[in-house]
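Novice: The structure that follows is given in the form of structure tokens.
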Amino acid sequence: MRNMRMPMARRRAIAVVAAVLLAGSVAACGNSDTGSDGGDDGKIVLGFSQVGAESGWRTANTNSIKEAAAEAGIELKFDDAQQKQENQIKAIRNYIQQKVDVIAFSPVVESGWDTVLKEAKDAGIPVILTDRAVDSADKSLYKTFLGSDFVKEGRLSGEWLIENKKDAAGDVNIVELQGTTGSAPANDRKKGFAEAIAADPKLKVIASQTGDFTRAGGKQVMEQFLKAHPKIDVLFAHNDDMGLGALEAITAAGKVPGQDITIITIDAVKDGMQALADGKFNFIAECSPLLGPQLMDLAKKVHAGEEVPPRIETEETTFTQEQAKEALPNRKY
Ligand code: GZL
């Protein structure tokens, strides 16, 4: 009787086809709940758009995010926008196209985000703001804002100056190096500082200009201030890096930083704390860049559809010269 069994080769071919079809159906069941494909091995995929690499703070912030993503087992897609809003919008649109699970970004400026954030919302991808805020009236465009209170940082800087200059004989001339024009930290630090120093009419801001949060910008603008104003008593810089750049200009002008000109900055990165400990700066309001672990925890929560607080404020402090000497050995950034 002729062997009625199907030839071996034919049986193998059918088995292979069946296996392929089964594998395909399993893959299609991915994370359909979030409308995203998720990571290759089921990992959460987080698309992050970073401002740039303009300062020591930013470098520390990027390191914190990358290390925390690896630690949390989250697949991180990272883009450096080189401080250009159009690059951030492009990156967010790419993440939408790639159907990432969560989008997070530090908006370089406050305005101009509603359209792209609506695109992310329509695509069912939750967005987390970190470090800087946006001025969108529609708070449903993002799940939460994790970052510092910049008005408070400016206010603490002004309050220290009020106390430090309360016995000054005459007017106290202040020059201000602002952060990136239109950014939340620049707008808010300026606001908080101005509100605080209004308590003493002797304290006068005689010049205020952006140094774009960079050392080069701080040096260049401080050179202009020194040429235009023979009597400068105080420099308020919106971040350490602009203050560090200004040190070069002040020294080149034959003045002693920290003595001839009182210097107040914000951030408390290592180089800034060293300048403070060395007596070249006089006061720093801390702005912590170590947001990575909290960001990853939030990404997991919003991906799982859990409620998160609409605002999570970073804990931070302030430093005098003596406090900087004590804190320096243990600083993480
Ligand atoms: C503040 C951050 C600012 C830092 C600067 O959270 O956005 O940007 O103060 C950085 O050093 O460039």
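Taken in order, the sequence shown gives residues 1 to 333; the numbers are from our numbering.
The beta carbon of each residue, even a glycine, is placed where N, CA and C say it ideally should be.
Note that this is a predicted model, so its numbers are computed, not measured.
Of all the options 153, 155, 128, which has the alpha carbon lying nearest to the alpha carbon of residue 143?
Specialist: Cα-wise, what sits closest to residue 143 is 128.
Novice: Closer than 6 Å by C-beta to residue 160: which residues in its own chain qualify, once you throw out the five before and the five after it? Chain order, please.
Specialist: Contacts found: 283.
Novice: First and last residue of the alpha helix (DSSP H) that includes residue 271?
Specialist: That run of the alpha helix (DSSP H) goes 270-277.
Novice: Would you say residue 264 and residue 302 are within 8 Å of each other, going by their C-beta atoms?
Specialist: No; because the gap between Cβ atoms is not below 8 Å, this pair is not in contact.
Novice: Using the rule of at least 16 other Cβ atoms within 10 Å of the residue's Cβ for burial, across every protein chain shown, is residue 115 buried or exposed?
Specialist: Looking at its Cβ environment, which holds fewer than 16 other Cβ atoms inside 10 Å, residue 115 is exposed.
Novice: Does residue 311 pass the burial test, meaning 16 or more other C-beta atoms within 10 Å, or should it be called exposed?
Specialist: With fewer than 16 other Cβ atoms within 10 Å, it is exposed.
Novice: Indicate whether residue 214 and residue 241 have their beta-carbon atoms separated by less than 8 Å.
Specialist: It is a contact, given that the beta carbons lie within the stated cut-off.
Novice: Skipping 5 residues on each side, what residues in its chain have a beta carbon closer than 7 Å to that of residue 320?
Specialist: The answer, listed in chain order, is 283.
Novice: Check for me: the beta strand (DSSP E) holding residue 176 runs from which residue to which?
Specialist: Residues 172-178.
Novice: Please list the terminal residues of the continuous alpha helix (DSSP H) segment that includes residue 307.
Specialist: Neither: residue 307 is in no alpha helix (DSSP H) and is coded neither H nor E.
Novice: Going by the beta-carbon positions, is the gap between residue 221 and residue 174 smaller than 8 Å?
Specialist: Cβ distance not < 8 Å, so residue 221 and residue 174 don't count as in contact.
Novice: When we look at the beta-carbon of residue 334 and count the other beta-carbons within 10 Å, is it buried (16 or more) or exposed?
Specialist: Since the first residue shown for the chain is 1 and the last is 333, residue 334 is missing from the structure and cannot be characterised.
Novice: With a 10 Å radius around its C-beta and 16 neighbouring C-beta atoms as the bar for buried, classify residue 309 as buried or exposed.
Specialist: Exposed: under 16 other Cβ atoms inside 10 Å.
Novice: Once the 5 residues before and after residue 289 are set aside, which same chain residues still bring their CB inside 7 Å of it?
Specialist: Excluding sequence neighbours, residue 289 sits near 57, 60, 61, 64, 333.
Novice: Hey, is residue 107 close to the ligand GZL, as in C-beta under 7 Å from one of its heavy atoms?
Specialist: For the ligand GZL, not one heavy atom lies less than 7 Å from the Cβ of residue 107.
Novice: Using the beta-carbon count (16 or more within 10 Å), is residue 155 buried or exposed?
Specialist: Buried, by the Cβ-count rule.
Novice: Would you mind listing the beta strand (DSSP E) stretches within the stretch 79-107 that are 3+ residues and don't spill past its ends, in chain order?
Specialist: The stretch 79-107 contains these whole beta strand (DSSP E) runs: 102-105.
Novice: Among 201, 147, 197, which residue has its Cα nearest to the Cα of residue 105?
Specialist: Nearest option by C-alpha distance: 147.
Novice: At the level of alpha carbons, what is the spacing between residue 285 and residue 184?
Specialist: Cα to Cα, residue 285 sits roughly 16 Å from residue 184.
Novice: Shorter than 7 Å, the distance from the beta carbon of residue 87 to the closest heavy atom of the ligand GZL, or not?
Specialist: Incorrect: residue 87 has no Cβ contact closer than 7 Å to the ligand GZL.
Novice: Please report the distance separating the alpha-carbon of residue 254 from that of residue 224.
Specialist: Straight-line Cα distance between these residues: approximately 15 Å.
Novice: Comparing the CB of residue 135 with every heavy atom of the ligand GZL, is any distance shorter than 7 Å?
Specialist: No.
Novice: Would you say the beta carbon of residue 132 is closer than 7 Å to some non-hydrogen atom of the ligand GZL?
Specialist: Yes, Cβ of residue 132 sits closer than 7 Å to a heavy atom of the ligand GZL.
Novice: Would you say the beta carbon of residue 213 comes nearer than 7 Å to a heavy atom of the ligand GZL?
Specialist: Yes, the Cβ of residue 213 comes within 7 Å of a heavy atom of the ligand GZL.
Novice: How many Å lie between residue 212 and residue 273 at the Cα?
Specialist: When rounded, the distance between both Cα atoms is 20 Å.
Novice: Which residues bound the alpha helix (DSSP H) around residue 248?
Specialist: Where residue 248 is concerned, the enclosing alpha helix (DSSP H) stretches over 240-252.
Novice: Sort 191, 314, 88, 195 by Cα distance to residue 111 and report the nearest one.
Specialist: Among 191, 314, 88, 195, the Cα nearest to that of residue 111 belongs to 88.
Novice: With respect to 7 Å, is the separation between the Cβ of residue 344 and the closest non-hydrogen atom of the ligand GZL below this value?
Specialist: Residue 344 cannot be examined here, being either before or after the span of the chain that is shown, 1 to 333.
Novice: Between the alpha carbons of residue 201 and residue 193, how many angstroms are there, rounded?
Specialist: Straight-line Cα distance between these residues: approximately 14 Å.
Novice: Given a cut-off of 8 Å, decide if residue 52 and residue 103 are closer than it, judged by their beta-carbon atoms.
Specialist: In this structure, residue 52 does not lie closer than 8 Å to residue 103 by Cβ.
Novice: Check whether the Cβ atoms of residue 131 and residue 291 sit closer than 8 Å, and answer yes or no.
Specialist: Going by C-beta atoms, residue 131 is nearer than 8 Å to residue 291.
Novice: When you compare the CB positions of residue 77 and residue 108, do they come within less than 8 Å of one another, or not?
Specialist: No, the pair does not count as a contact, with Cβ atoms beyond the cut-off.
Novice: Here's a check: name, in chain order, each residue in its chain whose Cβ is nearer than 8 Å to the Cβ of residue 190, leaving out the five neighbours to either side.
Specialist: Closer than 8 Å at Cβ, skipping near neighbours: 154, 176, 178, 208, 238.
Novice: Grab the span of the alpha helix (DSSP H) containing residue 321 for me, first residue to last.
Specialist: 321-327 is the extent of the alpha helix (DSSP H) around residue 321.
Novice: How many angstroms separate the CA atom of residue 136 from the CA atom of residue 196?
Specialist: Each residue's Cα considered, the two are about 27 Å apart.
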